[in-house]
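*Asks:* Take a look at the following structure, please.
Residue numbers (the working numbering): 645 to 1020.
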């Protein structure tokens, strides 16, 4: 039963954190508020369900863009609750996953905000969030074997070179996401004047400003992934506006302060066209990580090095591509039905660029070791 208790805690906690600001915003609006408290509650629940992948039907459009900040919040709540309350057993994990999935599905049915068959999509979202969050939480308990202890026997069965490649792919992805986060901060600083103008036009007030900031945090991870797509080369679009290194096509944008930090004039300059080289550079530490795990005193075979470098590229491209795919979707009718980037295209670009950086690094290290051996 510990898994059931942990999942119920996660459901209540994550739902409360998302719904409460919506209700507070309605109450703070006073006489200017539209609708009722139940309407505000429904909006909060819809945002929570959207974070689990469920399409939300509105009067003029279907919203499909997943606010990854809400998803991350739900994952964190599952993780913390499982680590604190669940027993270290497979049974506890299964019960936690099933309870969270069932609870998410029940909330979706009661909310009645789904677009047709979309209510069944939340089953997959709840299963993924509950399973991963609870699993990581249970594995983080003091008496658990940990993630490494759990996957090590399986990794040992893979061909030599694949395991170092998986590590390298994770390293490259972490570097790319870190650079993307820094880039988003730079965009925000450069566009702070536009963001201030939007906030002044909205005039949200003190409470409204806090709620506005909180709501924008839900899509900051999405913007970081759009920055990854921009760095890789394909770029991203928000409605009819498209942004890519060295070029941009401006169009009307929603009055959202966060969008004031989108790439400015410098992003369309010829210098910015070299941005994909930063993704190639992410392959360098990945290549070093691969080499440390391959080199045991002798230079590995060419086949092993090729397998390791290819695994690095595929892993990095796959992770980023899937995340970009999840971060993209529709946020309104018309042109706003396409927001984000092409996950498959971004995956290909990222994989190719990481491959170049990792391959050059591993090849250089192999050449250096062979040269050292010959001189000695």
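Don't be surprised by glycine CBs; every beta carbon is placed ideally from N, CA and C.
Here's the rule I'm using: 16 or more other beta-carbon atoms within 10 Å means buried, otherwise exposed. How should residue 942 be labelled?
*Replies:* exposed
*Asks:* For residue 669 versus residue 755, is the C-beta distance shorter than 8 Å?
*Replies:* In this structure, residue 755 does not lie closer than 8 Å to residue 669 by Cβ.
*Asks:* State the DSSP-derived secondary structure class of residue 706, mapped to helix, strand or coil.
*Replies:* It is a strand residue.
*Asks:* Closer than 8 Å by C-beta to residue 594: which residues in its own chain qualify, once you throw out the five before and the five after it? Chain order, please.
*Replies:* Because the chain in this structure spans residues 645 to 1020, residue 594 falls outside the shown range and cannot be described.
*Asks:* My understanding is that residue 865 touches residue 713, with C-beta atoms under 8 Å, so please give their C-beta distance in whole angstroms.
*Replies:* 5 Å
*Asks:* Please classify residue 915 as buried or exposed, where buried requires at least 16 other C-beta atoms within 10 Å of its C-beta.
*Replies:* Residue 915 is exposed by the Cβ-count criterion.
*Asks:* Could you tell me the alpha carbon to alpha carbon distance between residue 820 and residue 739, rounded to whole angstroms?
*Replies:* 36 Å
*Asks:* Quick check on residue 887: does DSSP put it in helix, strand or coil?
*Replies:* In the three-state reduction of the DSSP assignment, residue 887 falls in the strand class, which pools E and B.
*Asks:* Below 8 Å on the Cβ atoms is my guess for residue 927 versus residue 997; work out the distance and round it to an integer in Å.
*Replies:* 7 Å
*Asks:* Given a cut-off of 8 Å on the beta-carbon distance, is the pair residue 971 and residue 869 in contact?
*Replies:* yes
*Asks:* State the Cα-Cα distance for the pair residue 803 and residue 796, rounded to the nearest angstrom.
*Replies:* One C-alpha to the other measures close to 13 Å.
*Asks:* Please return the same chain residues whose Cβ sits closer than 7 Å to the Cβ of residue 742, not counting the five positions on each side in sequence.
*Replies:* Answer for residue 742: no residue qualifies.
*Asks:* Give me whichever residues DSSP pairs with residue 983 in a beta bridge.
*Replies:* According to DSSP, residue 983 bridges with 882, 973.
*Asks:* Suppose you measure from the CA of residue 688 to the CA of residue 940; what does that come to, to the nearest Å?
*Replies:* 55 Å
*Asks:* Going by Cα to Cα distance, which pick from 681, 692, 722 is closest to residue 710?
*Replies:* 692
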